[in-house]
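Order-wise, the sequence lines are chains A and B.
Position 270 (the first sequence) corresponds to 270 in full-length UniProt numbering; numbering is contiguous.
Position 210 (the second sequence) corresponds to 210 in full-length UniProt numbering; numbering is contiguous.
Beta carbons are placed, not taken as given, at the ideal position from N, Cα and C, and that holds for glycine.
There are 2 protein chains.
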Amino acid sequence: MTREKITLFDTTLRDGQQTPGIDFSVEDKIAIATMLDEFGIDYVEGGYPGANPTDTTFFSRKRTRQAGFVAFGMTKRAGVSASNDPGLTQLLQAKADAVCLVAKSWDYHVKVALGCTNEENLESIRDSVKAVVENGKLAMVDCEHFFDGYKANPTYAIACAKTAYDAGARWVVLCDTNGGTQPPEIRLIVQALIAAGIPGSSLGIHAHNDTGQAVANSLAAVEAGVRQIQGTLNGIGERCGNADLVTIIPTLCLKETYASRFETSIDREKLVGLTRLSRAFDELLNRSPNHQSPYVGGSAFATKAGIHASALLKDPKTYEHVEPESVGNFRKVMVSDQGGKANFLNELKRRGIAVAKDDPKLDTLIYVVKEREASGYAYEGADASFELLALKTLGSVPDFFAVESFRVMVERRFDSHGKLKTVSEAVVKVLVDGEMMMSVAEGDGPVNALDIALRKDLGKYQSEILDLELADYKVRILNGGTEAITRVLIESTDASGARWWTVGVSENIIDASFQALMDSVVYKLMKNRKLAGKIAAE
Amino acid sequence: MTREKITLFDTTLRDGQQTPGIDFSVEDKIAIATMLDEFGIDYVEGGYPGANPTDTTFFSRKRTRQAGFVAFGMTKRAGVSASNDPGLTQLLQAKADAVCLVAKSWDYHVKVALGCTNEENLESIRDSVKAVVENGKLAMVDCEHFFDGYKANPTYAIACAKTAYDAGARWVVLCDTNGGTQPPEIRLIVQALIAAGIPGSSLGIHAHNDTGQAVANSLAAVEAGVRQIQGTLNGIGERCGNADLVTIIPTLCLKETYASRFETSIDREKLVGLTRLSRAFDELLNRSPNHQSPYVGGSAFATKAGIHASALLKDPKTYEHVEPESVGNFRKVMVSDQGGKANFLNELKRRGIAVAKDDPKLDTLIYVVKEREASGYAYEGADASFELLALKTLGSVPDFFAVESFRVMVERRFDSHGKLKTVSEAVVKVLVDGEMMMSVAEGDGPVNALDIALRKDLGKYQSEILDLELADYKVRILNGGTEAITRVLIESTDASGARWWTVGVSENIIDASFQALMDSVVYKLMKNRKLAGKIAAE
């Protein structure tokens, strides 16, 4: 049985741009369009040429090789001809393969937002689509508020979609603009539309996540006959976001319910690049990836050593809904106070650390880890510190250097101009090969100052740590109140692109930060010597 | 037409505990159980008594008033009688109203994980349920891997569920343990089970979010006849999390598709507390709320100044899938915030602060608060700081004292006995009535030292603040990396039993802590003069 093609349409650069706090530069857009194009998405919607300088510049050239490059814009205004509508004209001049026109399909909005008659709106749709086609571009129409519009006036909503289709639109996209429609409604309304004469092969779905149903609505529409899905990378978008293509794609490829009937431009081979794509996008947005994201999250295949862990190790397949590797992710059985011997061996093995099941040092390690976790350490979140601790316990970490002492000072006072200022200064004494290095530095805060001072002069190791960067810093106060314990987690990275987490715990936040910083530096030196870092590099 | 009841079962404290990075203390569990109980959830699953000291202690007393208090555990092992099974015995001794037994329903796992025969497993289910019922507790059975089990061996999966039901289980819960099942499969399998003789009114659904379908699967199961939904607060849980009750509840209450047929224990009035519940839970986890969460997210009803904003202001209803107020959230239009002013007036009124709607000082206050929140302050979590800021802006906070300067020092070195020790010392200069007080103190950490020094001598005010206590201290790093901003929240209390939160924000954690400490002391002095503290005393 031949499988039907589901067309993938990405609107990260257009609707995704509506995400609070996200503003793409032209360079960002070029980078993201390239990622999507190389991954194999069918259509990349780049933005709204004419609406702002960024998008206009972005559309001054075609930005994709394989993918259809789509410009978004409005249908012509009522009362002017398509050729005399400045907005539409700019749209047609954009260096795009296709144009996606947004059209009102809820009569209420035609009146309130457009202030024209229902017939004038249909005419705008008709003439605008024709203009796009005559211009030699592929035409699509986003029917805004389609589902709410259908509930208010089914005849008119269908008329809008039908007009677009009859005028030559290759795709008529049904938008759940307010994001409140539920899957059963989606199924019924799509079926009604197909019954009205628009083939599912020309219909698309554009869902929003306002009720956590964007993925379900997209797939419900496909079940009902729709053959194009619009979404964004990692589900970014206005309000609660758009349908997440990073979730929908693997479901279409790997879940029998869909894979047996449908195919997409993303084959099994390309699918392995999914996790990288998702993480690279977050990297570009400069935000830490959501650990709980379906398929690609750092925790998506992580098991806290509870009732499942030991059985999981016996036979992963029956405890995982898909193979982590199929989406470029990997299995993680976390070390935690619930953990057993099997987990430790498995964790050590993954890190390329060989130790015999009956080696007494293994029991020591388990004891030490449990003891430390009881006192506040969280190794499940600090891979590198766990690896160092394991290597130390098994006796294979050289003494690179020793910190004799440090002093951190924060002072807040009025400066010579009578203005309040706060100064943070740190002094660190390090012993390298019997030579004492003393470094002093100022920083934004005490931890920053300490970090700078610690890494200012490590003698013969200095050149090795120049590319070490502090990527993230997290603090957690464990048991509130005065005798609180502070846990610090630090994420580090280096030129190789590797990332690793280290942990420090103390009643003193400076002390805790110092431990995590030290672990990070030592781990970097071990990594440089290929004595550690298998995971970090993954 | 009478609506059918959908029973809400929360497993935040049990399955939610499996979330990477989350480890509840007994105090956490008591606080969360109280939140859920007061909100109106039907069942609160508290954990696994006998599995760890925390849960055992937690179940030494009943922790809910209205909600059914549920203990989770395994069915008896094969080969021993229910009365001789130590695990089951501990479970029955727990101070719970109901017991939820997890049972294998996939024959493969019966063999591999339990290592007993299919018949022995059915017997364990039967006898364990009977033991719970005879013990006078309500019995529920979580059928682990039910959907995957059904696909592998439908007859056996149904037999497991049927055995539990026939033995007297009030609820038979269908678990999609691996989280990979899709809505169409859920519908078919639930229908088959009901056809096999278990009424939907005794069936529950326990979904995981591994394909982003946990909400959709829960509701698909309800469509198919299931009448209990299990989920967690904010969807926490193993891997990608559990079904998010914070999303499902408003959908059941507000979406016609469901609201016309079903009702839950959460009426429209309780529903208004949803956003507060969700945020309070994140606060307790000391993590920043997800801005894009359906219904309760900070961006859930936010519109970026795009094509919608202006029309939205004309008529919000047609641009919002539900009214923000219905879930205790509010509209944010980033161009001009209409909902804002009313909110502020309410907040001030609640605090007994009178100000006229057209008082220009009110606009100043709104401006200042928005500006500060944009720079990292979080006044919803810091009542006292908000109240002080309001009173200052409206010009009614006396200058009790002024801190001229402070200095904090943390030193780590070897003491005279060659042992490493870390010392934290703070010096504070305060001006009271033209008199300069200089105080020095040591503490567990820099913040503790600063706190002690600041409150050591406030001259004539000293006697007033003797009963002031620091109850909790929270730190959050706002935008990770090097140019991170630190937000500190401090909870204070005094002899009157009142509690208040203050906030400080700075790139320097000591500075941020100092701001929060200062606010707390000034608030205490205002409170003593009945010039503030209406909320804190509530």
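The three-state secondary structure of A:Q182, taken from DSSP, is coil.
In summary, the residues of the stretch 231-251 of chain A whose CB is separated from some CB of chain B by less than 7 angstroms are E238, R239, C240, G241, D244, T247, T251, in the order they occur in the chain. The beta carbon of A:A152 sits closer than 8 angstroms to those of W106, D107, Y108, all from its chain and outside the five residues before and after it, given in chain order. For A:F281, none of the residues of chain B pass the 9 angstroms Cβ criterion, the least Cβ distance being about 15 angstroms. Within 10 angstroms of the beta-carbon of A:T155 lie fewer than 16 other beta-carbons, which makes it exposed. A:G47 is a Cβ neighbour of A:L13, given a cutoff of 8 angstroms. Here B:C253 carries a helix assignment [DSSP, helix/strand/coil].
Collapsing the DSSP output to three states places B:Y43 in a strand.
For B:E469, the closest alpha carbon among the candidates B:A169, B:K104, B:G497 is that of B:G497.
DSSP, read as helix, strand or coil, puts A:N135 in coil. A Cβ-Cβ separation of about 4 angstroms places A:N178 in contact with B:H321 under the 8 angstroms criterion.
C-alpha of A:C100 to C-alpha of B:K255: approximately 31 angstroms in a straight line. Counting the other Cβ atoms within 10 Å of the Cβ of B:A356 gives fewer than 16, which makes it exposed.
Going by DSSP, A:S405 is part of the beta strand (DSSP E) stretching over 402-414. Short of 7 angstroms from the beta carbon of B:K95, and not among the five residues preceding or following it, lie these beta carbons of its own chain, in chain order: F59, S60, R61, K62.
Neighbours of B:H206 across chain A, judged by C-beta separation under 8 angstroms, do not exist; the nearest C-beta is about 14 angstroms away. The beta carbon of B:E411 falls within 8 angstroms of a beta carbon belonging to chain A, placing the residue at that interface. According to DSSP, residue pairing for A:N242 in a beta bridge involves A:H208.
With a contact defined as Cβ atoms closer than 8 angstroms, A:L271 and A:P250 qualify at about 6 angstroms.
When 9 angstroms is used as the limit between beta carbons, A:A378 is near these residues of chain B: G21, D23, in chain order. Between the C-alpha atoms of B:V447 and A:M74 there is a straight-line separation of about 57 angstroms. Taking C-alpha positions only, B:Y319 is separated from B:D519 by approximately 40 angstroms.
The shortest CA-to-CA distance from B:Q93 to any of B:F72, B:W171, B:K104 is the one to B:F72. Those residues of the stretch 256-269 of chain A placed with their C-beta closer than 8 angstroms to a C-beta in chain B are T257, Y258, ordered along the chain. B:D358 counts as exposed, since fewer than 16 other beta carbons sit within 10 angstroms of its beta carbon. In this structure, DSSP gives A:L531 a state outside helix and strand, which the three-state scheme calls coil. Close to B:Y319, with beta-carbon spacing below 7 angstroms, are these residues of chain A in chain order: N178. Nearest C-alpha to A:V440 among A:V408, A:A280, A:F24, A:T117: A:V408.
Within chain A, the residues placing a beta-carbon under 9 angstroms from that of B:Q292 are T19, P20, N209, G235, I236, G237, R239, C240, G241, ordered along the chain. Counting the other Cβ atoms within 10 Å of the Cβ of A:M438 gives fewer than 16, which makes it exposed. Residue contact check for B:D55 against chain A: no CB pair falls below 8 angstroms.
Within chain A, the residues whose beta carbon sits less than 9 angstroms from that of B:R407 are M409, V410, E411, R412, R413, listed in sequence order.
The criterion of a C-beta distance shorter than 8 angstroms is satisfied by B:V521 and B:I465. Looking at A:R239, A:V327, A:T257, the one whose alpha-carbon comes closest to that of A:L219 is A:T257.
Every beta strand (DSSP E) stretch that sits fully inside the stretch 85-131 of chain B and reaches 3 residues is listed by chain position as 98-104. Setting aside the 5 residues that flank it on each side, B:T232 is surrounded in the same chain by D10, T11, T12, D15, G16, G241, N242, A243, D244, L245, each with a C-beta closer than 8 angstroms to its C-beta; the list follows chain order.
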